[in-house]
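Working notes, structure below.
Number of protein chains: 2
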Amino acid sequence: MEHRLDRIKKQLHAQSYKLTPQREAIVRVLLEREEDHLSAEEVYLLVKEIAPEIGLATVYRTLDLLSELKIVDKINFGDGVSSYDLRKEGAKHFHHHLVCTECGSVEEIVDDLLEDVEKIVQNDWGFQVKDHRLTFHGVCRVCQEITVKAT
Amino acid sequence: MEHRLDRIKKQLHAQSYKLTPQREAIVRVLLEREEDHLSAEEVYLLVKEIAPEIGLATVYRTLDLLSELKIVDKINFGDGVSSYDLRKEGAKHFHHHLVCTECGSVEEIVDDLLEDVEKIVQNDWGFQVKDHRLTFHGVCRVCQEITVKAT
DNA sequence: TATTAGTTTATAATTATTATAAATACAAAC
DNA sequence: GTTTGTATTTATAATAATTATAAACTAATA
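Protein chains in written order, with the numbering used here: chain A, 1 to 151; chain B, 152 to 302.
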């Protein structure tokens with residue numbers, strides 16, 4: 001964890017931003033809850049536990065900053081709330097999500113499934129792809145089993 | 152256009168909803184501006200031209216209803232505003248989007264590029280895919296040419 | 001005609017997010 | 001070591017999108 005914090009610190013410094021105590025606290029929360037997709041509000045509540053004096057606006061500003069530097073990805077699953085999500089170290093792309101319409105769970109797919117599709121888009125549409133967001137909506141494994149049992 | 156309106160009317164009736172004058176006006180706007188991605192506010196302004204007495208809340212409610220019936224797709228490109236977009240007749244899936252980070256234009260891809268990827272998700276993750284949303288971020292053809300000329 | 005359920009309008013309320021101004025921290029220059 | 005300037009944060013206010021609510025309306029039905 002310290003290693004990744006250190007890398008993020010360097011990324012900030014490279015753009016002449018500082019890793020202030022508040023920013024460090026926020027990054028620590030994101031690292032701890034890496035598998036989750038936290039809303040700004042959730043980050044705020046978690047950060048308050050280790051840095052109680054922090055303000056909500058700072059959380060928003062920091063998440064925006066991290067998002068610009070491609071350290072976190074900001075995504076909107078359609079419920080009006082933005083979620084923030086650490087990008088895996090070295091990952092070129094946003095990872096994919098599987099959103100279950102039954103239980104609301106969000107699973108991640110780290111593999112890049114879109115290499116071929118991107119080539120098609122580049123060649124056929126002349127669109128130079130920089131990044132992508134892919135979300136599948138459907139029924140997760142757990143909910144499928146429940147449905148089967150129920151019938 | 153009348154044909155498609157009629158089909159939508161039937162879809163509403165099938166779920167025992169009525170095609171009220173307000174709903175009809177909204178659907179007409181969506182049909183006229185099919186290639187666009189309109190926000191609720193934009194729909195509201197356009198509908199007011201043909202049905203001035205309509206309320207914004209009705210627009211929201213109707214778009215939500217159409218969205219539930221999969222007649223329109225609601226999408227959020229990350230700017231906090233939801234866009235609404237008619238689903239092509241007979242289309243099983245949400246279509247894909249190419250969002251240009253230079254000029255903000257949004258292009259549509261109607262082809263389904265994800266059949267193979269969906270199979271992988273179904274088989275490897277056991278996730279039963281119902282729908283998907285795929286957006287590419289990058290530089291559109293026009294902006295690429297501008298960049299080339301500028302150098 | 002009276003009734004009922006569904007729908008709309010107008011408005012208020014809510015929620016997420018952003019802007020602002022004053023306070024603070026901290027590094028560089030003197 | 002103080003001063004100065006810039007970046008950052010805090011607290012609060014403002015904004016913008018969306019949703020909830022209550023009253024009015026409509027159309028079908030008993």
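Just so you know, even glycine gets a beta-carbon here, dropped at the ideal spot from N, CA and C. Predicted model, so just to flag it, every value in this text is computed and none were measured.
Query - Coil, strand or helix - E108/A by DSSP - result: To locate residue 108/A, count along the first sequence from 1; it is residue 108. Strand at E108/A.
Requested in this report: Check each residue of the segment 103-135 of chain A: if its Cβ is closer than 8 Å to any Cβ of chain B, include it; give the result in chain order.
Outcome: Taking a C-beta cut-off of 8 Å against chain B, the contacting residues of the segment 103-135 of chain A are E107, I109, L113, L114, D116, V117, E118, I120, V121, W125, G126, F127, Q128, V129, K130, D131, H132, R133, L134 and T135, listed in chain order.
**Report entry** Separation of R158/B from E240/B, as counted between CA atoms
**Finding:** Start at 1 with the first residue of the second sequence, and residue 240/B comes out as number 89. Start at 1 with the first residue of the second sequence, and residue 158/B comes out as number 7. If I take the Cα positions, the gap works out to 9 Å.
Query raised in the report: In three-state DSSP terms, what is D275/B?
Result: Against the second sequence, residue 275/B aligns to sequence position 124. It is helical.
Query raised in the report: Candidates G126/A, D131/A, Q144/A and G138/A: which alpha carbon is nearest C294/B's?
Result: Numbered from 1 along the second sequence, position 143 holds the residue referred to as residue 294/B. Looking at G126/A, D131/A, Q144/A and G138/A, the one whose alpha-carbon comes closest to that of C294/B is G126/A.
Query raised in the report: Would you call D111/A buried or exposed, if buried means 16 or more other Cβ atoms sit within 10 Å of its Cβ?
Result: Working through the first sequence from its first residue, we reach residue 111/A at position 111. With fewer than 16 neighbouring CB atoms inside 10 Å of its own CB, D111/A falls in the exposed class.
**Report entry** Extent of the continuous alpha helix (DSSP H) to which Q100/A belongs
**Finding:** Against the first sequence, residue 100/A aligns to sequence position 100. For clarity, residue 100/A is Cys in the given sequence; the question names Gln instead. Where C100/A is concerned, there is no enclosing alpha helix (DSSP H), although the beta strand (DSSP E) around it starts and stops at H96 to C100.
Query - Proximal residues of chain B, C-beta to C-beta of T101/A below 9 Å - result: Position 101 of the first sequence holds residue 101/A. K281 and D282, listed in chain order.
Query raised in the report: Can you list the residues of chain A that L189/B reaches, using a CB-CB cut of under 9 Å?
Result: On the second sequence, position 38 is the one that residue 189/B refers to. Correct list: empty, because the minimum Cβ distance to chain A is about 17 Å.
Report task. Tell me where the beta strand (DSSP E) around K225/B begins and ends. Result -> Stepping through the second sequence from its first residue, residue 225/B is reached at position 74. For K225/B, the enclosing beta strand (DSSP E) stretches over residues V223 to N227.
Query raised in the report: Taking Y235/B as the reference, which of D224/B, F245/B, K243/B and Q279/B has the closest Cα?
Result: Stepping through the second sequence from its first residue, residue 235/B is reached at position 84. Scanning D224/B, F245/B, K243/B and Q279/B for the CA closest to the CA of Y235/B turns up D224/B.
Query raised in the report: For T135/A, does the three-state DSSP call read helix, strand or coil?
Result: Sequence index remark: in the first sequence, residue 135/A carries index 135 (1-based). Under the three-state reduction of DSSP, T135/A is assigned to strand.
Query raised in the report: So what does D153/A bridge to, in DSSP terms?
Result: The requested residue 153/A is not part of the displayed model; chain A covers only 1 to 151.
Report task. Answer yes if the segment 126-139 of chain A comes into contact with the segment 89-107 of chain A, meaning at least three C-beta pairs across the two stretches below 8 Å, and no otherwise. Result -> Short answer: they touch.
Query raised in the report: What residues from chain B crowd round V139/A, counting only those whose CB sits closer than 9 Å?
Result: Here the question's residue 139/A lines up with position 139 in the first sequence. Near V139/A (Cβ distances below 9 Å), the residues of chain B are F278, Q279, V280 and K281.
Report task. Report the partner residues of L189/B according to the DSSP bridge assignment. Result -> Indexing the second sequence from 1 puts residue 189/B at position 38. The partner list for L189/B (beta bridge, DSSP) reads Y235/B.
Query raised in the report: When DSSP labels each residue in this structure, what does K130/A get in the three-state scheme?
Result: In the first sequence, counting from the first residue as 1, residue 130/A sits at position 130. K130/A carries a strand assignment under DSSP once its states are collapsed to helix, strand and coil.
**Report entry** Pick from L56/A, E24/A and E34/A that is closest to E107/A, judged by C-alpha positions
**Finding:** Taking the first residue of the first sequence as position 1, residue 107/A is located at position 107. It is E34/A.
Report task. Quick one: measure Cβ to Cβ for V59/A and Y44/A, integer angstroms, because I've assumed they're closer than 8 Å. Result -> Within the first sequence, residue 59/A is the residue found at index 59, counting from 1. Within the first sequence, residue 44/A is the residue found at index 44, counting from 1. Right, the Cβ-Cβ distance comes to about 5 Å (below 8 Å), so this counts as a contact.
Requested in this report: Note down, in chain order, each residue of its chain lying with its Cβ closer than 6 Å to the Cβ of L197/B, except the 5 sequence neighbours on either side.
Outcome: Here the question's residue 197/B lines up with position 46 in the second sequence. Within its own chain, the residues whose Cβ lies closer than 6 Å to the Cβ of L197/B, once the five positions on either side in sequence are excluded, are V180, listed in chain order.
Query raised in the report: Excluding sequence positions up to five away, which residues of its chain have a Cβ less than 7 Å from the Cβ of Q11/A?
Result: As a first step, residue 11/A must be located in the first sequence, where it is residue number 11. Answer for Q11/A: L69 and I71, listed in chain order.
Query raised in the report: Are L63/A and A91/A close, meaning C-beta to C-beta below 8 Å?
Result: Your numbering for residue 63/A matches position 63 in the first sequence. Your numbering for residue 91/A matches position 91 in the first sequence. The answer is no: Cβ separation not under 8 Å.
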